[in-house]
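Protein sequences appear in the order of chains H and B. So in the working numbering the end of the first sequence lands on 467, straight run, no missing numbers. So in the working numbering the end of the second sequence lands on 1197, straight run, no missing numbers. One structure below.
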Amino acid sequence: MTFNAPAIWIALPILVGILLLLIRNARALSMIGGSIALALALVAQFVPIATALRVGNLSLKIDSSLTVLGRVMTIESAEGSLLAMIYGGAALWFFGSWAAVGAARIVPMGFMILGLLVASIAVQPFLYAALFIEMAILISVPMLTSVYRSPSKGILRFLIYQTLAMPFILLAGWLLAGVEASPGDLDLAAQSASMLGLGLAFLLAIFPLYNWIPMLLEDSHPFTAGFLIWILPTITIIFAAGFLDGYSWIRSSPQTILAFRSAGLLMIVTGGLWAAFQRHFGRIMAFGSIAETGFSLLALSLDSRAGIPILFLLIPARTLTLALWALGLAVIRDNTETLRFGAARGALRFAPFAGTAILLATLSTSAFPLLAGFPARLALWENLSRTSLPAAIWMTIGIMGLLTSAVRSLAVLGMAEEFTSWEAREDFTQRIMLTLGMIGLFILGLFPQTAQFFLSELPLMFEHLGR
Amino acid sequence: MLILEWVAVGVVVVTSVGLLIARDWRVSISLLALQYLAMFVLLLSHLPLGMASVKVVAGWMSCAILGMTRSDLTEILEDEGLWPRGRLFRLFAATLVGIIVAGAVPGVDAIMADAGLPVTSGALLLIGMGLLHLGITSQILRVTQGLMTVIAGFEILYATVESSVLVAALLAVITLGLALVGAYLMIASHSRPAETS
């Protein structure tokens, strides 16, 4: 029996997403969606691609390629762990949508977005990825805002900035092919690098193009917005790494390394410092996620033998941290209507699980020891300090900003009126999910090697990076 | 054919500037539809008739989606932000964009494998005017039109170097998707406002 990898991990999720639009029950959506995503993750991890597998009398084989309108979509066996991580992370978000009241639509829309983003990794030549990413962005707009609620300016900016990325990436791809044909043409190389830089800056929301993220987290449901700011940068960073892998002159150029390092540091420093001065929990998460993207860019700026494993080590921590953070915010917002400091003051008294989850997630992003974010950031710090001490100091400044935001959050969440009694308003599901998430943060922080099961094979998806 | 292409560039100038200054949504959507016709003419020099037709049909369908949605909504006073609203200001800004485009055309034409001056001029004009449009408005219909204008300009330019069927199909889907998203947001904008900072 022969299956097809792009059909399983691209077409099937899109189809499932369309069918799930028919289901209205939030719990059913969460359970079905989470289970299917988990099944897709398990198949990706344990069933080899392009290798025959014998189960009793049955011989199963998953082909790696699918031809669509003259172009090939290919999912190599080395990408199995990446798919497992993406769909495993999505399962976490989909199960979490059960507990996050009002976030059920991330399940059908999320499946379609996942399918399109996996297509962006699989399409050959990979420059066409920009088209699939744009389609995923268009689908994410109805996920972010309800038709019964006036859209915020953040959504419009998100749509504009992300749409503008597509032309730059496509043109960069065409110019890069020209550079390969005539490597001595420095003007063409500069033009293609500028196009690529602009495209990635829009796509990854690099400073100063990230103002839509805080606006989105302020106005949209934190869980749906959180899902988007998890999946989009994660896939885009892998896409950017694909560029480095595919073109040796970009990979070996000192300017590229400097650009990635400067962009990463700008994201960490501005994200950290601005998080420290926010008075809205959603905006703090937004700046935390911006800093997270900065860490990934910094990892790309390192020697790829160290940087690529760190880049992949950042992904599970980012997934769990953002999911827990978003769920905590969703629970608090359900009790307070808004996430402004004034409204959410003393939230630890009426939502202790959610409040603790928010604090731990903020601390994890701030590289606090024993939590999920710490091992990857420590490795990043260590490698960065060997390359450039000033860069390591700037990273420290950004992290100090994030830590300040965590301390301020603790102060506000704990600042209840005198004699206010403790009354946990979270329901049973919310308590269980938040507790499991917090335990997960500690497990990833104390035993980072547990993630190696997924991560060890991941650098093999690149031909040159990480070798 | 060359004369026809220059006529199409003239139409692009009229429609893109018209989109900037038109206040009636019926006029602006008609101009957008006309813009797709000019795009079709410019595409014909690099794409087969069938593929160029796909793009113009997708564009017209998008105009229909936007028009039908807008016609069902009541008139509301829409916020234009801090930018000056006067037609003279917009005409002045459009002139500046035109000057920049005129300066950039020869260089871009050389990079884009000698696409032809009318094709490059038309494409850059659409991109420039679309970006200007995006910069001076926050109305959902106008933002959608601005994005569609930028994408239309890019499609003309990209067609000169890439004639893949998959790319043409995906770009058509994106044009339709933009119109659908714009329609969705227009309907949503007539609901209660979101939490503001």
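C-beta atoms are modelled at their ideal positions from N, C-alpha and C, and glycine is treated no differently.
- Nearest to Arg105 (chain H) by alpha-carbon distance, out of H:Ile23, H:Tyr210, H:Gly437, is H:Ile23.
- In this structure, Ile250 (chain H) sits near Leu244 (chain H), with a CB-CB distance shorter than 8 Å.
- About 6 Å separates the Cβ atoms of Leu176 (chain H) and Tyr247 (chain H), confirming a contact at the 8 Å cut-off.
- Residue range 1140-1159 is occupied by the alpha helix (DSSP H) that includes Val1150 (chain B).
- Counting along the chain, Asp63 (chain H) sits inside the beta strand (DSSP E) bounded by residues 58-63.
- Under the Cβ criterion (8 Å, minimum of three pairs), the segment 335-346 of chain H does not count as touching the segment 315-323 of chain H.
- Relative to Leu217 (chain H), the option among H:Ile206, H:Leu298, H:Trp230 whose CA is nearest is H:Trp230.
- Taking a cut-off of 8 Å for Cβ pairs, the segment 1116-1129 of chain B and the segment 137-145 of chain H do not touch, as fewer than three such pairs fall below it.
- For the segment 327-372 of chain H, the continuous alpha helix (DSSP H) assignments of 4+ residues that do not extend past its boundaries occur at 341-344, 347-350, 352-365, in sequence order.
- The alpha-carbon of Thr74 (chain H) is positioned some 18 Å away from that of Ser1164 (chain B).
- Segment contact: the segment 106-122 of chain H against the segment 10-17 of chain H, three or more CB-CB distances shorter than 8 Å; contact assigned.
- The three-state secondary structure of Met395 (chain H), taken from DSSP, is helix.
- Ranked by Cα distance from Thr435 (chain H), the options H:Leu465, H:Trp422, H:Pro352 are led by H:Pro352.
- Beta-bridge annotation (DSSP): Asn4 (chain H) is paired with H:Asp63.
- Taking C-alpha positions only, Thr67 (chain H) is separated from Phe158 (chain H) by approximately 32 Å.
- Neighbours of Ile160 (chain H) across chain B, judged by C-beta separation under 7 Å: Leu1134, Val1143, Leu1147.
- Within the same chain, and ignoring the five residues on either side of Leu302 (chain H) in sequence, the residues whose Cβ sits closer than 8 Å to its Cβ are Ile310, Leu380, Asn383, Leu384, Thr387.
- In terms of beta-carbon proximity, Leu1166 (chain B) lines the interface with chain H, with at least one pair separated by less than 8 Å.
- Taking each of H:Met215, H:Ala205, H:Leu209 in turn and checking the Cα distance to Thr234 (chain H), the smallest one comes out for H:Ala205.
- When rounded, the separation of the alpha-carbon atoms in Trp394 (chain H) and Ala263 (chain H) is 12 Å.
- Around the CB of His464 (chain H), fewer than 16 other CB atoms lie within 10 Å, so the residue is classed as exposed.
- Distance from the CA of Ala189 (chain H) to the CA of Gly199 (chain H), rounded to the nearest whole angstrom, comes to 15 Å.
- With fewer than 16 neighbouring CB atoms inside 10 Å of its own CB, Phe46 (chain H) falls in the exposed class.
- For Arg431 (chain H), the enclosing alpha helix (DSSP H) stretches over residues 428-446.
- By the neighbour-count criterion, in which a residue is buried when 16 or more other Cβ atoms sit within 10 angstroms of its Cβ, Asp334 (chain H) is buried.
- Within the DSSP secondary-structure output, Val55 (chain H) pairs in a beta bridge with H:Leu58.
- Apart from the 5 residues on each side of it in sequence, Val123 (chain H) sits with its Cβ closer than 7 Å to the Cβ of Arg71, Met73, Ala129, Phe132 in its chain, given in chain order.
- In terms of Cα proximity to Ala100 (chain H), the closest of H:Glu76, H:Ser64, H:Phe223 is H:Phe223.
- In this structure, H:Ser81 is the residue among H:Met31, H:Lys153, H:Gly34, H:Ser81 with its C-alpha nearest to the C-alpha of Met461 (chain H).
- Think of a sphere of 9 Å around the beta carbon of Ser146 (chain H): the chain B residues whose beta carbon falls inside it are Ala1188, Ser1191, in chain order.
- Taking all protein chains in view, the Cβ of Gln430 (chain H) is crowded by 16 or more other Cβ atoms within 10 Å, so the residue is classified as buried.
- Sequence-ordered contacts of the segment 1150-1161 of chain B with chain H read Val1150, Ile1151, Phe1154, Leu1157, Tyr1158, Val1161 [C-beta pairs closer than 8 Å].
- Val1181 (chain B) and Phe207 (chain H) have their C-alpha atoms spaced approximately 26 Å apart.
- Excluding five sequence positions before and after Ile139 (chain H), the CB atoms of its chain that fall closer than 8 Å to its own CB belong to Met109, Met112, Ile113, Leu116, given in chain order.
- As computed with DSSP, His280 (chain H) is found in a beta bridge with H:Arg340.
- DSSP, reduced to helix, strand and coil, places Val1119 (chain B) within a helical segment of the structure shown.
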